[in-house]
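Report on the following structure.
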Amino acid sequence: MGHPIPYRFPFAAYPAVRIMLLLMAGITTAHVVKISILGGLLLFAGCLLLWGLFEFYVRKKLILAGGNLSSLFYMMMIFSSAFFMHQAGEYRKLTSINDAAPVHLFEWEQAEISGIVRSSGRSGSDRPVFEVDVTSTLFQHTTEWQQPYRIRLYGDRNQHYQIQAGDFIQAMIRFYAFPERRNPHEFDYGGWLHNRKIAAHGELAALKHTKNSGIFNWGPFRAYVQRNADLLFDREYAGLAKALLLGYKDELTPETRLEFSRSGLSHIMAVSGLHVGFIVAPFWLIIPFLWGSEKGKWFGLIMLTVLLTGYAGLTGFSPSVSRASLMAWLITYGKLFHKVRNSINLTAVAAIIILLINPQQLFEIGFQLSFSAVFIILLLMPQTQKMVPYKYRFGIRGAFISIILVSIVVQVGLFPILIFYFGEFSIIGPVANALVVPLLSLTVPIGLVLALITPLSATVFHLAAKPVQLSLLWIHNVAHSLGSHTFSYITFDNTAISLFFVWLCMIFLIASIHISMLRWKILILLLVSLNVMFMELAYKKPAYKTLEITFLDVGQADAIHLRTPNGKHLLIDTGRWSPMSNSGDRVLLPYFAHIGITRLDAVILSHPHADHIGGMPALLENMEIAKIYQSDYEYDSMLYQTMMNLARQKNIPITYPAAGDIIETDPALRIFIVGPEHNTPRDRNPNNHSVALKMVYGNTSILFSGDAETAQEARIANRYGDFLKSDLYKAGHHASNTSSTEVFMQYIEPDITVASLAFRNVFGHPGTDAVTRIHKYSEKQKYTSLEGAIRFVSNGNQIHRLNW
Numbered sequence: 000m001g002h003p004i005p006y007r008f009p010f011a012a013y014p015a016v017r018i019m020l021l022l023m024a025g026i027t028t029a030h031v032v033k034i035s036i037l038g039g040l041l042l043f044a045g046c047l048l049l050w051g052l053f054e055f056y057v058r059k060k061l062i063l064a065g066g067n068l069s070s071l072f073y074m075m076m077i078f079s080s081a082f083f084m085h086q087a088g089e090y091r092k093l094t095s096i097n098d099a100a101p102v103h104l105f106e107w108e109q110a111e112i113s114g115i116v117r118s119s120g121r122s123g124s125d126r127p128v129f130e131v132d133v134t135s136t137l138f139q140h141t142t143e144w145q146q147p148y149r150i151r152l153y154g155d156r157n158q159h160y161q162i163q164a165g166d167f168i169q170a171m172i173r174f175y176a177f178p179e180r181r182n183p184h185e186f187d188y189g190g191w192l193h194n195r196k197i198a199a200h201g202e203l204a205a206l207k208h209t210k211n212s213g214i215f216n217w218g219p220f221r222a223y224v225q226r227n228a229d230l231l232f233d234r235e236y237a238g239l240a241k242a243l244l245l246g247y248k249d250e251l252t253p254e255t256r257l258e259f260s261r262s263g264l265s266h267i268m269a270v271s272g273l274h275v276g277f278i279v280a281p282f283w284l285i286i287p288f289l290w291g292s293e294k295g296k297w298f299g300l301i302m303l304t305v306l307l308t309g310y311a312g313l314t315g316f317s318p319s320v321s322r323a324s325l326m327a328w329l330i331t332y333g334k335l336f337h338k339v340r341n342s343i344n345l346t347a348v349a350a351i352i353i354l355l356i357n358p359q360q361l362f363e364i365g366f367q368l369s370f371s372a373v374f375i376i377l378l379l380m381p382q383t384q385k386m387v388p389y390k391y392r393f394g395i396r397g398a399f400i401s402i403i404l405v406s407i408v409v410q411v412g413l414f415p416i417l418i419f420y421f422g423e424f425s426i427i428g429p430v431a432n433a434l435v436v437p438l439l440s441l442t443v444p445i446g447l448v449l450a451l452i453t454p455l456s457a458t459v460f461h462l463a464a465k466p467v468q469l470s471l472l473w474i475h476n477v478a479h480s481l482g483s484h485t486f487s488y489i490t491f492d493n494t495a496i497s498l499f500f501v502w503l504c505m506i507f508l509i510a511s512i513h514i515s516m517l518r519w520k521i522l523i524l525l526l527v528s529l530n531v532m533f534m535e536l537a538y539k540k541p542a543y544k545t546l547e548i549t550f551l552d553v554g555q556a557d558a559i560h561l562r563t564p565n566g567k568h569l570l571i572d573t574g575r576w577s578p579m580s581n582s583g584d585r586v587l588l589p590y591f592a593h594i595g596i597t598r599l600d601a602v603i604l605s606h607p608h609a610d611h612i613g614g615m616p617a618l619l620e621n622m623e624i625a626k627i628y629q630s631d632y633e634y635d636s637m638l639y640q641t642m643m644n645l646a647r648q649k650n651i652p653i654t655y656p657a658a659g660d661i662i663e664t665d666p667a668l669r670i671f672i673v674g675p676e677h678n679t680p681r682d683r684n685p686n687n688h689s690v691a692l693k694m695v696y697g698n699t700s701i702l703f704s705g706d707a708e709t710a711q712e713a714r715i716a717n718r719y720g721d722f723l724k725s726d727l728y729k730a731g732h733h734a735s736n737t738s739s740t741e742v743f744m745q746y747i748e749p750d751i752t753v754a755s756l757a758f759r760n761v762f763g764h765p766g767t768d769a770v771t772r773i774h775k776y777s778e779k780q781k782y783t784s785l786e787g788a789i790r791f792v793s794n795g796n797q798i799h800r801l802n803w
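Numbered per numbering that gives the first Met the number 0, the sequence shown spans residues 0 to 803.
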């Protein structure tokens, strides 16, 4: 009895998949491994030369060995070509950004620019936003600079600008400081701008001149359809209509976007293959009439090309639409001309084309979600549908079941990517999609046709759009009803990178479930990857035997988060408040969500000024707070009264510690209150009634003095003297000249001093005298205004700086 023939995966049936994987590997390697562009070119040239040598010469001499080596160098050539393409793209991007570096010397100054508008829209804060390819810049009305660069401009939200993509403009602008990532959780806005080859951003102060540049651009066509949507639908529905039909989400509120995301419906606003399918479906009905002649076939293909290109242009050529359009074109070409049609291979071809045009697309979440979703559907749906009894697979009931199955497969299949990027996973998605997707099959094509022809008779078509508007209302209500509750989603933190390998193994295991010799191999890989994931999670799980201190960058304010050795969470001060924003919503809540914290064991408020309690209302409304410690200085402000009322409503205990008290939150820590003193005479300055404390962990100590100024520092120094000696000191009152006084600093003598303040502030902080004293008495000085958030960790013996 012979040995069984081992299973061999039919790679020859998927040539595009192999090329796609090699391109992805090359691009990813180039992203991680940094070598010179010349090195990348030499690598590609060497692989190309070796492939040519073995393919056209050695292979003729040594058929077997030459063929194998030829295949090896062919794969290396594809890999190295992707490596070099990514390098070349990065080199061009960095060169254009570096060449425009002189504009940063004019931050917060005005200049006159001339250039071509690349795109227009609205920002998340509802401000008009424009990307402009600048050709000329006039500085200080005298110096003209001809260096081209790209800038992102923000307009006045109350002004209507007659600007669209493709226009030539002359405008007065004001350069902003280029954004930096200031806190561990924050979106890297500056990096995002650089990835879009944007070298600067600023404010559109005045528009001096605008005209059509004469250069073809899809922008005017998009603007035309968007204006028609405004005419066609009532104001409250126009924004949602633009999102569903065109993928234009700028007019949606953050709350609406969040509800769609948490209900599992965000994909319908991404304009994906679902939309392309609805647009192309009517065309497929006429394909049988085109099969009869060669001219008919080419006519049909040209019609489809125009249709797909037009819709992709309308949506801004997003990765999902580009992928779906390419696939639809390739499938139609195969159907018309009787070519081999393999959906997995065609999807890979679409990915190859997009990556060849722009290798950076590989790192865009839209690309990753779009192609992952399609491959998951193609690999898993055939096996999933077999679980449905045969009699339920057809008709209306079968279509309804298919919608639910596709939603479940995609949601579960995209689980690692969704939690990696968003930290949330919708569990209500299948229900929401079953309620919404059937409507889209009519809403999308009808709504788009009406938006194209509305100018013929705005009144008539406005009435005709009422059914579409009702479906928009239904979709919005489904998203709101299902996405606004906590039961609709679950949150995750500390995602293991190895989860992606588990994910791949599970997908391939399900896809190969009927190939016995392959599924056992994949099952072994799955078990190995599961063990690796558990080891990674165990390694990443914090032991909580260290004290972590994070001085968050909240501008001209204080907010310090402490994670204690036993896993307790303390917050000292909560940042600033202003009529436009507050540190709670802007910094603290996103930060705590990022690290998976929903409960604070204690909040210590040094005193009731707005730059120390500014984030409290937001924290009280959105987080569980076990206890509040604060100064006994009552303050007559609306913010203070709001905070106190919220705390009372939630029955949160409030304690007023004084010198000599001890705060007990973690048995590993000792927190000694050194100020304010009992019965301190009340004066008009709340700063001198700050809660000041010394925190001791093992042989290390930290001193926090709030905004204590000269008078309180003198009282603390006189009472505690050498007890104030600390390894780490939070500079009082944002390093003003009236704090960190000589009599105070001579007792502390810290190794490290941290000052929390804004780079630009009206108070002139840090004070020159204070900086001199801080430098005199401490070895290291750190300023959040210069470095952003600053983190330290203490093991009980030493305090070290943590990078983030």
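For every residue, glycine included, the Cβ atom is placed at its ideal position computed from N, Cα and C.
For residue i, is the classification buried or exposed, using 16 other Cβ atoms within 10 angstroms of its Cβ as the cut-off for buried?
{"i": "Ala240", "result": "buried"}
{"i": "Gly428", "result": "buried"}
{"i": "Pro749", "result": "buried"}
{"i": "Arg562", "result": "buried"}
{"i": "Gln648", "result": "exposed"}
{"i": "Tyr56", "result": "exposed"}
{"i": "Met615", "result": "buried"}
{"i": "His274", "result": "buried"}
{"i": "Leu534", "result": "Note on residue identity: the sequence assigns Met, not Leu, to residue 534. Classification of Met534: exposed, given that the 10 Å Cβ count is below 16."}
{"i": "Ser35", "result": "exposed"}
Which residues bound the alpha helix (DSSP H) around residue i?
{"i": "His200", "result": "Careful: His200 lies outside any alpha helix (DSSP H), inside the beta strand (DSSP E) at Ala199 to Asn211."}
{"i": "Phe743", "result": "Glu741 to Ile747"}
{"i": "Leu702", "result": "Per DSSP, Leu702 belongs to no alpha helix (DSSP H); it is in the beta strand (DSSP E), Thr699 to Phe703."}
{"i": "Ile496", "result": "Counting along the chain, Ile496 falls outside any alpha helix (DSSP H), and DSSP gives it neither H nor E."}
{"i": "Tyr188", "result": "Tyr188 to Asn194"}
Can you tell me where the beta strand (DSSP E) with residue i in it begins and where it stops?
{"i": "Arg800", "result": "Ile798 to Leu801"}
{"i": "Met694", "result": "Ala691 to Tyr696"}
{"i": "Ile560", "result": "Note that residue 560 corresponds to His in the displayed sequence, not to Ile. Taken as a continuous stretch (DSSP letters only), the beta strand (DSSP E) holding His560 covers Ile559 to Arg562."}
{"i": "Asp166", "result": "Asp166 to Phe174"}
{"i": "Arg151", "result": "Tyr148 to Tyr153"}
{"i": "Phe298", "result": "From DSSP, Phe298 is part of no beta strand (DSSP E) but of the alpha helix (DSSP H) over Glu293 to Leu313."}
{"i": "Thr815", "result": "Because residue 815 is not part of the residues shown, which for the chain are 0 to 803, the question remains open."}
Shortest alpha-carbon distance to residue i belongs to which of the options?
{"i": "Cys46", "options": "Ala24, Met74 and Ile36", "result": "Met74"}
{"i": "Ser440", "options": "Gly276, Arg392 and Gly190", "result": "Gly276"}
{"i": "Phe424", "options": "Ser342, Phe259 and Ser738", "result": "Phe259"}
{"i": "His606", "options": "Ala617, Glu633, Leu587 and Thr679", "result": "Glu633"}
{"i": "Val753", "options": "Asp721, Val742, Gln797 and Gly705", "result": "Gly705"}
{"i": "Lys804", "options": "Met516, Lys626 and Gly697", "result": "Outside the displayed span of the chain (0 to 803) sits residue 804, for which this structure offers no information."}
{"i": "Met326", "options": "Thr314, Phe78 and Leu307", "result": "Leu307"}
{"i": "Ala707", "options": "Tyr719, Thr699, Val695 and Val690", "result": "Val690"}
{"i": "Pro178", "options": "Met579, His184, Tyr188 and Ile172", "result": "Tyr188"}
{"i": "His799", "options": "Tyr746, Leu404 and Asp726", "result": "Asp726"}
{"i": "Lys729", "options": "Gln780, Leu471 and Glu676", "result": "Gln780"}
{"i": "Ser777", "options": "Asn760, Ser79, Phe743 and Val792", "result": "Phe743"}
{"i": "Phe370", "options": "Met19, Phe758 and Lys775", "result": "Met19"}
{"i": "Ile445", "options": "Ser292, Ala431 and Ser470", "result": "Ser470"}
Sort out for me which residues DSSP pairs residue i with in a bridge.
{"i": "Thr752", "result": "Tyr728 and Gln780"}
{"i": "Ala601", "result": "Leu569"}
{"i": "Pro127", "result": "Arg121"}
{"i": "Thr654", "result": "Tyr628"}
{"i": "Ala110", "result": "Phe138 and Ile172"}
{"i": "Thr549", "result": "His560 and Arg790"}
{"i": "Val116", "result": "Val131"}
{"i": "Asn581", "result": "Trp576"}
Tell me the start and end of each unbroken beta strand (DSSP E) in the stretch 390–477 that is at least 3 residues and wholly inside, in chain order. 423–425
Within the stretch 222–249, ranges of the alpha helix (DSSP H) (whole runs, at least 4 residues): 234–245
Please list the segments of the alpha helix (DSSP H) lying wholly inside the stretch 341–378, counting only runs of 4 or more residues, in order along the chain. 342–356
Jot down the residue ranges of each uninterrupted alpha helix (DSSP H) in the stretch 7–84, minimum 4 residues, whole runs only, in chain order. 14–31 and 36–52
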